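Presented below is the structure to which this report refers.
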Amino acid sequence: MSQVVVITGAGRGIGAATALAAARAGHAVGVNYLGDAAAAAEVVERIRAGGGRAVAVQADIAEPAAVARLFDAVEDALGLVTALVNNAGTTGRITRFADLDLATLRRVIEVNLVGCMLCSQEALRRWSAAAGSAGGALVPGVIVNVSSVAAATGSPGEYVHYAATKAAV
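For the sequence shown, my numbering begins at 15 and goes up steadily by one.
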């Protein structure tokens, strides 16, 4: 049985590269994306062309119900999720911190930090339930949280708010 990994923000960039690498390693991949369905479909097609299994699932990870739907859709298509890569992130508007609007600040915190925690909680709940239904047998599960060099540099004058959330991760 292959491992099944959910990768948030996997439609492009680091997430897409991670999805392709996971598929090459033999994992089935749930490709999460927020808005670019075509990019996510391309990642899925590349995985399938290489003989892998994948599904693209649109979900805003800052929304608890959407996170549950993400995991449901991946499990319906590929089987029990056994790994999670919390990769999704947003910088919001690049600006001096003093000029940052509250809506952008909240969205960056919701996606980068709260979304990471919501996805982790969902994975842990499912693994606990699976272990219980397996008579207490340990269900393998791995969570990888992707941060940023910005966590160490602080990104002054650009996106301090992003750097703060990535430091928290």
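A virtual CB, placed ideally from N, CA and C, is assigned to each residue, including glycine.
Keep in mind the model is a prediction, meaning the values are calculated, not measured.
inquiry  = Threshold first: 4 residues or longer. Then list the alpha helix (DSSP H) segments lying entirely within the segment 92-180, N to C.
reply    = Segments of the alpha helix (DSSP H) lying fully in the segment 92-180: 116-123, 129-147, 164-167.
key: Complete beta strand (DSSP E) runs within the segment 20-65 (minimum length 3 residues, chain order)   = 42-47
inquiry  = Tell me whether the segment 27-37 and the segment 73-93 touch, counting them as touching only if at least three CB pairs, one residue from each stretch, are closer than 8 Å.
reply    = In the pairwise beta carbon analysis, the segment 27-37 is classified as not touching the segment 73-93: fewer than three pairs are separated by under 8 Å.
inquiry  = Under DSSP, the beta strand (DSSP E) around Q72 begins and ends at which residues?
reply    = 68-72
task = Indicate the three-state DSSP secondary structure (helix, strand or coil) for V81 in the structure shown.
result = helix
inquiry  = Nearest by alpha-carbon distance to D86: which of V45, S147, G171 is it?
reply    = The residue with the shortest Cα to Cα distance from D86 is V45.
ask   = Distance, Cα to Cα, V174 vs R110?
value = 8 Å
Close Cβ partners of T118 (< 6 Å) along its chain, the five nearest in sequence each way excluded = G106, R107
request  = Let me know the secondary structure DSSP gives V183 once reduced to three states.
outcome  = coil
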